[in-house]
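The UniProt record's numbering applies: residue 1 is where the sequence shown begins, and numbers increase by one. Here's the structure, in structure tokens; my notes come after.
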Amino acid sequence: MELLALDLGPLKPRGADLLVALVTFAASFWMLAGVLLPRINRVLADRERLISGREGEAAEIRREADEVRAVCESVLAEGRHEAARIRQRATEEGVAAVQAARAEGARERDALVAEGTARIAAERAAAEAVLARDAEVLAARLADRVVGEPLGAVTDR
């Protein structure tokens with residue numbers, strides 16, 4: 001039985017071969033379309049369902065993580081503000097302590113200068129008194145030498 005009128009040489013199919021090929025194709029198509037493809041589609045659907053469920057869980061976890069991060073950032077911001085306040089307070093206390101120390105030092109310096117000035121004035125007055133007496137004695141001796149005779153009445157004063 002000749003199905004094709006063409007001369008294809010050794011490639012010309014025979015009716016029995018075509019029938020076997022058609023039955024084999026139909027069985028393969030039924031196996032793929034009827035058995036394997038529904039199983040593959042069911043596995044793909046299950047996979048998609050699991051993936052989309054995990055995406056929802058991941059979105060929820062991401063939202064919770066964002067909330068926790070926001071809380072942490074606010075706590076850190078409060079901590080930074082508190083540290084800045086403590087630093088400012090410590091700076092102010094340090095400035096006050098330095099000013100108090102400077103004022104105390106200035107008072108001590110003024111007291112020492114006043115005491116030293118009073119001591120110098122007293123020693124100067126004492127030195128002037130001693131020098132004035134010694135100057136009178138020396139002047140009387142010099143006058144004795146210049147005049148050539150003792151001037152006892154003047155030096156006795």
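Don't be surprised by glycine CBs; every beta carbon is placed ideally from N, CA and C.
Once you ignore the five residues that flank residue i on each side, which residues in its own chain have a CB closer than 7 Å to its CB?
i    : result
A101 : none
A114 : none
Quick check: the Cα distance between residue i and residue j, rounded to an integer number of angstroms?
i    : j    : result
R14  : L6   : 12 Å
A139 : Q99  : 57 Å
E104 : A84  : 30 Å
E64  : A27  : 54 Å
L36  : S52  : 24 Å
L50  : H81  : 46 Å
A59  : A70  : 16 Å
W30  : I40  : 14 Å
R23  : L32  : Reading off the sequence shown, one finds Val at residue 23, where the question assumed Arg. Taking the straight line from one Cα to the other gives about 14 Å.
A129 : G148 : 28 Å
R157 : V146 : Caution is warranted here: a pLDDT of 48 is assigned to R157, below 50, making its placement in the model unreliable, and the coordinate value is therefore given only provisionally. R157 and V146: Cα-Cα distance of roughly 20 Å.
R54  : G79  : 36 Å
G34  : A16  : 26 Å
A106 : T117 : 16 Å
A96  : A90  : 10 Å
Would you please state the rounded distance, in angstroms, between the beta carbons of residue i and residue j? I believe it to be under 8 Å.
i    : j    : result
L131 : A143 : About 18 Å; that fails the 8 Å criterion.
Grouping DSSP H, G and I as helix and E and B as strand, with all else coil, what is residue i?
i           : result
R157        : Its pLDDT being 48, under 50, R157 is placed unreliably in this model, and the value from its coordinates should be taken loosely. If DSSP states are grouped into helix, strand and coil, R157 belongs with coil.
P13         : coil
residue 182 : Because the chain in this structure spans residues 1 to 157, residue 182 falls outside the shown range and cannot be described.
L37         : helix
D7          : coil
Leaving out five residues on either side along the sequence, give the residues of the same chain with a beta carbon under 6 Å from the beta carbon of residue i.
i    : result
T155 : Confidence is the limiting factor: at T155 the pLDDT is only 49, short of 50, which leaves the residue's position unreliable, though a coordinate-based value still follows. So the qualifying residues of the chain are A140.
G9   : none
Residues in its own chain within less than 8 Å of residue i by CB, not counting five upstream and five downstream?
i   : result
L11 : none
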